[in-house]
Ligand code: PLP
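Numbering (my numbering), first residue to last: 661 to 1041.
Here is the structure:
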């Protein structure tokens, strides 16, 4: 079998063994419904409670501020549509950024179709929103700001504390899509002026199909899925017990190993960037030098079609991405690359490598070597 060099951890991560082991009983003998009163159901309920505590601890929240969802997209949809809808008498203006994930952008588009006004903040060439510009975009009718914690394509970490302080000062709700940040960098909601935060388990070595929305105590968000009384009556549906358990374990481990993983990911990231810059001409390293996710490398290579290059890399087992995973089949230039103003001759040659703690120096060096060979080959045509 072809050896896989997995450098697409921003698209998804491998389920960790410890999470898988904790999930297994809930996929077999512990199959009870957590809403029932007998022992089998009580066991499922206890497992959910334990997972909720672990998740709350990981971001320094209280367990009753954690609401389980089916994914990060659901958490984003709920926060944005929920708060916008509940506050429409007060105003119908929302502020977000041009570089959000489509879960946020398309939720905003949906509201815009319903008559809401949406302001899409520009970002600078490193992908950061300017808090002062954002402050001046707030009007009497603004009810919600949704700015991502860290960008999924270029890895830029946004000035969340500054934006949150402005939101507080102006009495506007603040949601952050932290799908790429949770489990990667420290997050302490007690220190952050945020009202809601979205996360997704499959980005931190948990299972797919489960995420959560943090909702700060006192923030009134309406139910998103109507039905039974699960999740404090706010998100109906029989719980994904195994998923929630796996998410709890995976996040606990990610936080426990965070410092060491971050250091190692940064080391490999620098090795990859230095290697590419040394071996390949005419490359732009996108994103921010300092405010950046530890495993993210995003580059634009002059005169190259990233789609073709990705196929060549795949042939030798290297998994990378041309933009966000959701756009992988559309080789159109991503909205993020457009927003940071990459020159035309470079845009289509944009690649994202997202490094995980399982990657090795050999894999990084091999990737540099193959990239060098393939770019030279493509340029020779
Ligand atoms: N937000 C960001 C920043 C993401 O990167 C993703 C997934 O790539 C999502 C939201 C959606 O998460 P999920 O795949 O769990 O729906």
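Glycine is no exception: its CB is placed at the ideal position from the N, C-alpha and C atoms.
Because the structure is a prediction, the values reported are computed rather than measured.
Margin query: Going by beta-carbon coordinates alone, are residue 682 and residue 909 separated by less than 8 Å?
Written below: Yes.
Next item on the list: Please go through the same chain and pick out, in chain order, the residues whose beta-carbon is closer than 7 Å to the beta-carbon of residue 966, but skip the five residues on each side of it.
Entry: Excluding sequence neighbours, residue 966 sits near 982, 991, 1008, 1009, 1010, 1011.
Next item on the list: Give the straight-line distance between the Cα atoms of residue 945 and residue 1005, rounded to the nearest whole angstrom.
Entry: CA-to-CA, the gap between residue 945 and residue 1005 works out to about 14 Å.
Note to self: Quick check: what's the CA-CA separation for residue 953 versus residue 838?
What the structure shows: Roughly 12 Å between the two C-alpha positions.
Next item on the list: Mind checking who residue 668 pairs with in its DSSP beta bridge?
Entry: DSSP, once it has assigned bridges, lists 1014 as partnering residue 668.
Next item on the list: Check the DSSP bridge columns for residue 835 and list the partner residues they point to.
Entry: In the DSSP output, where bridge partners are listed per residue, residue 835 has 806, 856.
Margin query: Tell me the rounded alpha-carbon separation between residue 884 and residue 798.
Written below: If you take the alpha carbons of residue 884 and residue 798, they lie about 26 Å apart.
Next item on the list: In the DSSP assignment, find the alpha helix (DSSP H) that holds residue 917 and state where it starts and stops.
Entry: Unbroken run through residue 917: none, as it is neither H nor E.
Item checked: Inter-residue spacing [alpha-carbon to alpha-carbon] between residue 794 and residue 783 -> The straight-line gap from Cα to Cα measures roughly 10 Å.
Checklist line | residue 849 beta carbon near the ligand PLP (any heavy atom closer than 7 Å) | finding: No - the ligand PLP has no heavy atom lying nearer than 7 Å to the Cβ of residue 849.
Check: Regarding residue 758 and the ligand PLP, is the C-beta to nearest heavy atom distance less than 7 Å?
Finding: No heavy atom of the ligand PLP is found nearer than 7 Å to the CB of residue 758.
Item checked: Per-residue burial, residue 1014 [other beta carbons within 10 Å of its own, 16 or more giving buried] -> Classification for residue 1014: buried.
Note to self: Taking 8 Å as the threshold (C-beta atoms), are residue 743 and residue 803 in contact?
What the structure shows: Cβ distance < 8 Å, so residue 803 and residue 743 count as in contact.
Check: Quick one: Cα of residue 691 to Cα of residue 897, how far?
Finding: Cα to Cα, the separation comes out at about 15 Å.
Notebook entry, point to check: Which partner residues does residue 874 have in the DSSP bridge list?
Noted result: In DSSP, residue 874 forms a bridge with 726, 857.
Next item on the list: Could you work out which residue in 715, 805, 750, 773 is closest to residue 757 when comparing CA atoms only?
Entry: Comparing Cα-Cα distances from residue 757 to each of 715, 805, 750, 773, the minimum goes to 805.
Check: Going by other Cβ atoms of all chains shown within 10 Å of its Cβ, with 16 needed for buried, is residue 781 buried or exposed?
Finding: It counts as buried.
Next item on the list: Check whether the region 903–921 touches the region 861–880, taking contact to mean three or more Cβ pairs, one atom from each stretch, closer than 8 Å.
Entry: These segments touch.
Note to self: So for residue 979, helix, strand or coil by DSSP?
What the structure shows: Correct three-state label for residue 979: strand.
Next item on the list: In angstroms with no decimal places, state the Cα-to-Cα distance between residue 1035 and residue 932.
Entry: The alpha-carbon atoms of residue 1035 and residue 932 are separated by roughly 15 Å.
Note to self: Checking 8 Å against the spacing of the C-beta atoms, do residue 943 and residue 920 come in under that value?
What the structure shows: If you check the CB distance, residue 943 and residue 920 do not come in under 8 Å.
Next item on the list: Could you give the DSSP three-state label for residue 960: helix, strand or coil?
Entry: Here residue 960 sits in strand by DSSP.
Margin query: How far does the alpha helix (DSSP H) with residue 1021 in it extend, from its first residue to its last?
Written below: Per DSSP, residue 1021 is one residue of the alpha helix (DSSP H) stretching across 1021–1040.
Notebook entry, point to check: Quick one: what's got a C-beta closer than 7 Å to residue 752's C-beta in the same chain, skipping five residues either side?
Noted result: Same-chain partners within the cutoff: 775, 776, 777, 801.
Margin query: Please return the same chain residues whose Cβ sits closer than 7 Å to the Cβ of residue 924, not counting the five positions on each side in sequence.
Written below: Here the set comprises 1017.
Notebook entry, point to check: Going by the C-beta, is residue 769 closer than 7 Å to any heavy atom of the ligand PLP?
Noted result: Outside the cutoff, so no.
Next item on the list: Determine the direct distance from the alpha carbon of residue 787 to that of residue 809, and round the result to whole angstroms.
Entry: Cα to Cα, residue 809 sits roughly 12 Å from residue 787.
Item checked: Given residue 722 as reference, the closest of 894, 841, 889, 850 once Cα atoms are compared -> When each option's Cα is compared against that of residue 722, the closest is 850.
Note to self: Output needed for residue 929: all residues of its chain with C-beta closer than 8 Å, excluding positions within five of it in sequence on either side, in chain order.
What the structure shows: Here the set comprises 954, 955, 956, 957, 1015.
Notebook entry, point to check: Out of curiosity, what's the CA-to-CA distance linking residue 716 and residue 831?
Noted result: Straight through space, the alpha carbons of residue 831 and residue 716 are spaced by roughly 25 Å.
Checklist line | Selected residue, minimal CA-CA separation from residue 978, among 1030, 948, 996 | finding: Of the candidates 1030, 948, 996, the one whose C-alpha sits nearest the C-alpha of residue 978 is 1030.
Notebook entry, point to check: So which of 889, 1027, 687, 1021 has the shortest CA-CA distance to residue 1101?
Noted result: Outside the shown range of the chain, which is 661 to 1041, sits residue 1101, and nothing can be said about it.
Margin query: If you reduce the DSSP assignment to three classes, tell me which class residue 1118 lands in.
Written below: Not covered by the structure: residue 1118. The range shown for the chain is 661 to 1041.
Check: Based on the DSSP output, what are the partners of residue 777 in its beta bridges?
Finding: Answer is 753.
Notebook entry, point to check: What is the rounded straight-line gap between the Cα of residue 988 and the Cα of residue 895?
Noted result: With a pLDDT of only 49 at residue 988, under the threshold of 50, the placement of this residue in the model should not be trusted, and no figure is reported.
Check: Roughly how many angstroms lie between the CA atoms of residue 686 and residue 714, to the nearest whole one?
Finding: Rounded to whole angstroms, residue 686 to residue 714 spans 17 Å at the Cα level.
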